[in-house]
Amino acid sequence: MFRTIGIRNLFLAPFCIWAGIFIFVPLLFMFYYGLTTPAGNFTFENILMIFQTEFFYSLKMSVLLAFISTAVCLLLAYPLCLILVDRAKSAGAIITLLFILPLWMNSLLSTMAWQTILERDGTLNQILRLLSLPDFTLINTATAIVIGMVYNYLPYMVLPLYVALTKIDKSIIEAAKDLGANTWQTFYKIILPLSLPGAVSGITMVFIPALTTFAISALLGGGRILLIGNVIEQEFTFEYNWNLGAALSIVLMIFIVVNMALTVFFENSHEEEKN
Amino acid sequence: MKRELIHLENVVKTFGSLMVLDEIDLTIHENEFMTLLGPSGCGKTTLLRIIGGFESPDTGKIIFDGKDITQVPPNKRPINTVFQKYSLFSHMNVEENIAFGPKINGKSSDYIRDKIKYALKLVNLDGYEKHDVTKLSGGQQQRIAIARAVVNEPKVLLLDEPLSALDLKLRRAMRNELVRINRETGITFVFVTHDQEEALSMSDTVVVMNQGYIQQVGTPENVYNEPENAFVADFIGDSNIIDGVMVRDKLVRIFGREYPCVDVGFPEECPVDVQIRPEDITLDVPQENSLNGTVTRVGFWGMSYDITVDTGDFEWLVQSIHGRKVGEKVSLHLDPYNIQIMKKPQSEDEAVSREI
Amino acid sequence: MISRLKTIYLAIIFLFLYAPIGVLIAQSFNESRYRGHWTGFSLKWYESLFQQDKIIDALQNTISIGILSAIISTILALITCLALREIGKNFRAMFMSVANIPILNADIVTGISLMLLFMGMGLKLGYGSILLAHIVFNVPYVMLCIMPQLMALDKSFYEAALDLGASPFKAFTSVVLPELRPSIVAGFLLAFTMSADDFIITYFTRGAGVHTLPTEIYAELKLGIHPEMYALSTLVFITVLIFVILFAMNRKKLLNQKEENF
Numbered sequence: 001m002f003r004t005i006g007i008r009n010l011f012l013a014p015f016c017i018w019a020g021i022f023i024f025v026p027l028l029f030m031f032y033y034g035l036t037t038p039a040g041n042f043t044f045e046n047i048l049m050i051f052q053t054e055f056f057y058s059l060k061m062s063v064l065l066a067f068i069s070t071a072v073c074l075l076l077a078y079p080l081c082l083i084l085v086d087r088a089k090s091a092g093a094i095i096t097l098l099f100i101l102p103l104w105m106n107s108l109l110s111t112m113a114w115q116t117i118l119e120r121d122g123t124l125n126q127i128l129r130l131l132s133l134p135d136f137t138l139i140n141t142a143t144a145i146v147i148g149m150v151y152n153y154l155p156y157m158v159l160p161l162y163v164a165l166t167k168i169d170k171s172i173i174e175a176a177k178d179l180g181a182n183t184w185q186t187f188y189k190i191i192l193p194l195s196l197p198g199a200v201s202g203i204t205m206v207f208i209p210a211l212t213t214f215a216i217s218a219l220l221g222g223g224r225i226l227l228i229g230n231v232i233e234q235e236f237t238f239e240y241n242w243n244l245g246a247a248l249s250i251v252l253m254i255f256i257v258v259n260m261a262l263t264v265f266f267e268n269s270h271e272e273e274k275n
Numbered sequence: 276m277k278r279e280l281i282h283l284e285n286v287v288k289t290f291g292s293l294m295v296l297d298e299i300d301l302t303i304h305e306n307e308f309m310t311l312l313g314p315s316g317c318g319k320t321t322l323l324r325i326i327g328g329f330e331s332p333d334t335g336k337i338i339f340d341g342k343d344i345t346q347v348p349p350n351k352r353p354i355n356t357v358f359q360k361y362s363l364f365s366h367m368n369v370e371e372n373i374a375f376g377p378k379i380n381g382k383s384s385d386y387i388r389d390k391i392k393y394a395l396k397l398v399n400l401d402g403y404e405k406h407d408v409t410k411l412s413g414g415q416q417q418r419i420a421i422a423r424a425v426v427n428e429p430k431v432l433l434l435d436e437p438l439s440a441l442d443l444k445l446r447r448a449m450r451n452e453l454v455r456i457n458r459e460t461g462i463t464f465v466f467v468t469h470d471q472e473e474a475l476s477m478s479d480t481v482v483v484m485n486q487g488y489i490q491q492v493g494t495p496e497n498v499y500n501e502p503e504n505a506f507v508a509d510f511i512g513d514s515n516i517i518d519g520v521m522v523r524d525k526l527v528r529i530f531g532r533e534y535p536c537v538d539v540g541f542p543e544e545c546p547v548d549v550q551i552r553p554e555d556i557t558l559d560v561p562q563e564n565s566l567n568g569t570v571t572r573v574g575f576w577g578m579s580y581d582i583t584v585d586t587g588d589f590e591w592l593v594q595s596i597h598g599r600k601v602g603e604k605v606s607l608h609l610d611p612y613n614i615q616i617m618k619k620p621q622s623e624d625e626a627v628s629r630e631i
Numbered sequence: 632m633i634s635r636l637k638t639i640y641l642a643i644i645f646l647f648l649y650a651p652i653g654v655l656i657a658q659s660f661n662e663s664r665y666r667g668h669w670t671g672f673s674l675k676w677y678e679s680l681f682q683q684d685k686i687i688d689a690l691q692n693t694i695s696i697g698i699l700s701a702i703i704s705t706i707l708a709l710i711t712c713l714a715l716r717e718i719g720k721n722f723r724a725m726f727m728s729v730a731n732i733p734i735l736n737a738d739i740v741t742g743i744s745l746m747l748l749f750m751g752m753g754l755k756l757g758y759g760s761i762l763l764a765h766i767v768f769n770v771p772y773v774m775l776c777i778m779p780q781l782m783a784l785d786k787s788f789y790e791a792a793l794d795l796g797a798s799p800f801k802a803f804t805s806v807v808l809p810e811l812r813p814s815i816v817a818g819f820l821l822a823f824t825m826s827a828d829d830f831i832i833t834y835f836t837r838g839a840g841v842h843t844l845p846t847e848i849y850a851e852l853k854l855g856i857h858p859e860m861y862a863l864s865t866l867v868f869i870t871v872l873i874f875v876i877l878f879a880m881n882r883k884k885l886l887n888q889k890e891e892n893f
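Protein chains in written order, with the working numbering: chain G, 1 to 275; chain V, 276 to 631; chain F, 632 to 893.
Below is the structure:
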């Protein structure tokens, strides 16, 4: 749409400048702080702090909880999306909209509402007592954090998966059934491979925020379970050790980069298969 | 002869290392219905886009009415285009689509209203002013696209395979419509297609293109009956194309047999391509001293039969209104007027073009 | 049987998603200011909502930052997408991956690195730094909305407008822009939503005394939330719910209209 390459480049210039200042330079700042002492001397010490028992424990805990949350989201989302895709044609998009709607409630508030539900005299236990069932206190446990993560990040799994599933041509599924595949075989051999790109992008979109959150763990872990996000937040807002905070963030970035690389690698190999 | 309207002079266009148009010279006359015909990738659409101003040639000139318009942008050319996918503006209704051009040119609203009426009448869609363009059928969208272009009173209308998205019946009807609109408005039409039937049935002039070259320019009868080379012969209609040698004027040798023909001017013993249309061959019972063969395949096409006859040296395609049986022995007879002699390709490019 | 199982499954997920929302809405009508203790129905938190300066300030910031960042990021994303359409496939992929870094990166890393940038540049943290940070993460979201539709838009629309005599600028504003309107609107709305809901990046790039709703809520968590906040969230939620219902109804109407015409 441009008469010359010059005009096109003129349109591209603002973004290049923007990306330079607000995407690359900030990361340089982060690496600068992470790899120096407060006096400005180069050091690896901040990075190596991650192997200190308490930090390493937080990292391990974060990876574990993020992993569990991602798995739970995936397991919940697949049947949900399959049902929604199936019903979307008959009942309209309203059901689907209803499942996106909770996103418009502030996530901190709804996480706090989980506190109200799960605590010792919370809603859940009040209902259980009404039914003369034993109490079931989850607040300030890892389970509560996982519930909070699943609640907050389930939509990020549902959306890409739903989109991927709607893209599958119905005639392909009918063809599979026509060729003698039962429901399970159809799912396993046709739907699963075809929707895998959606699942992979869902996994990335859930795992990264779950790994790095500090609000959910602060609200539902009651300060007993410190995730790596909490540690970093404390370094910046409480301990004022920016170098250490930046260094721990760099460690987090390693996970993020590995995660992204896996996604890209998967997408590429998937594209090649298609070709 | 009609007045010259557009003259392309030595137009060359490359995309990267790919030569798309190689030294094209072409003259388009006023009121003419000209068709650019060729297989996909032959450069016909690029040539159209160069005339429309959407591409500029690497070298060469486009002369319009005596003026050089090579550097004039498309919005300043008195030329309009009907795009392959119609490209109607989906956020505007029929009326707004048609009014787009006149409005930009600052015409009065009375003028525009009259023009819309006239244009819709021209394409047989009176009363469709307020319709949503996305809800029209393919054929109707096509007509609106034509109306939208014609309303600007262009000197030239460029049509880029406008019938390719329509079904067979509609395509036939639209062919007649286009010719009618061409006659009624007096606008010069430059029509791009890969369909030889369309080209032959509609055009005043057919330009056969292949691999960036113009292979032949002529009337439909001209390119069908007297193809200048094997590519044209092969691309337009069915043909038997055989290697032959010119014995002398009006005598050609095929498979060791000499046949009288009407072509003159080739050197003696000059290798040539010989084209014989399948409908020009008559079949008879086997005879001595004639070309005899065996029927190997028969296909019924409604109006005629396609009969393949193997004479040992060559498999002939024959079209006849009489069927034959597979295995039947027949003799083939050729009339001198129906033997078309063409010179062999000389450059490498021409040789390549023949293989297609 | 299977159909009933499916319905039950939907209902359970539905309950899971709406339980906390129900709790919050209930709390906004609770006489007591302490959560979890129902002492009776009351509208007093709705009445006192507009006297809570802190909440109203935060609401104003949230809305103005949301709108401004959505406008600016939509313009920047649109300009960039137009240029990216005309660039080679590999370059486009490269640019898109750079643009996506703020989405793919963890919010905490984006937030901290932007904070370090602003401090390093000597910029005072406050309204301006939040706005800049929100534009940073909104641009890729808008680009993701616009790019597919722009790529699918046939060049011949633009060429048809030129062909009919429009100047390149006129062709862009009268044809390309309207054709892209759905994705531009979607990008704008997504950007606004992302901005209004962002907590982590705002948390690190805000300065003393400037709050958006999410950071205000986080600040209040430690001391106990003003119940007016529940009232506000309920109002926001109900508003969105009404919009969604209107949209769903209109959609049905539109669909019906289409069918009638055929």
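All C-beta atoms, glycine included, are put in the ideal place defined by N, C-alpha and C.
Computed from a predicted model, the values in this text were never measured in an experiment.
Endpoints, the alpha helix (DSSP H) within which residue i is located
i      : result
F/S700 : D684 to R716
V/Y403 : Unbroken run through V/Y403: none, as it is neither H nor E.
V/T571 : Note, V/T571: premise wrong, no alpha helix (DSSP H); beta strand (DSSP E) at L566 to F575.
F/H765 : Y758 to A783
Terminal residues of the beta strand (DSSP E) in which residue i lies
i      : result
V/W591 : E590 to S595
V/M606 : Before going further, note that residue 606 of chain V is Ser rather than Met in the sequence given. From DSSP, the beta strand (DSSP E) with V/S606 extends over K604 to L609.
V/H282 : E279 to F290
V/L558 : I556 to D559
V/K618 : Q615 to K618
V/N485 : T480 to N485
V/P546 : C545 to I551
Residue-level contact to chain G via CB, residue i, 8 Å cutoff
i      : result
F/F830 : yes
F/D794 : no
F/D785 : no
Contact set for residue i: own chain, Cβ-Cβ below 6 Å, skip 5 residues either direction
i      : result
V/I373 : I391, A394, A422, R423 and V426
G/G229 : T212, T213 and F214
F/V773 : S704, T705, A708, G818 and A822
G/E233 : F214
F/F660 : F672
F/F726 : L715
Residue-level contact to chain V via CB, residue i, 8 Å cutoff
i      : result
F/K801 : yes
F/E810 : yes
Buried versus exposed, by CB contacts within 10 Å (16 or more), residue i
i      : result
V/H597 : exposed
G/A113 : buried
V/P437 : buried
F/L877 : exposed
F/G840 : exposed
G/V257 : exposed
G/Q52  : exposed
Own chain residues within Cβ distance below 7 Å of residue i, not counting five before or after
i      : result
V/K604 : P561, N567 and T569
V/V627 : Its pLDDT being 46, under 50, V/V627 is placed unreliably by the model, and the measurement read from it follows with that caveat. Cβ within range, chain order: Q486.
V/P502 : Q491, A508, I511, Q550, Q615 and M617
F/E890 : Residue placement at F/E890 is poorly supported in this model, since its pLDDT is 46, which falls under 50; the coordinates are not used for a value here.
Neighbour flag for residue i against chain F, beta carbons, 8 Å
i      : result
G/A19  : yes
G/M1   : yes
V/N427 : yes
V/I337 : no
V/R388 : no
Is the segment 577-584 of chain V touching the segment 636-656 of chain F, taking contact as three or more C-beta pairs under 8 Å?
Contact between the segment 577-584 of chain V and the segment 636-656 of chain F is not established, with fewer than three Cβ pairs separated by less than 8 Å.
Report yes or no: do the segment 728-741 of chain F and the segment 243-252 of chain G share at least 3 C-beta pairs separated by less than 8 Å?
yes
Kindly confirm or deny that the segment 124-140 of chain G and the segment 178-186 of chain G touch, where touching means at least three C-beta pairs closer than 8 Å.
no
On the three-pair Cβ rule with 8 Å, is the segment 279-299 of chain V touching the segment 329-339 of chain V?
yes
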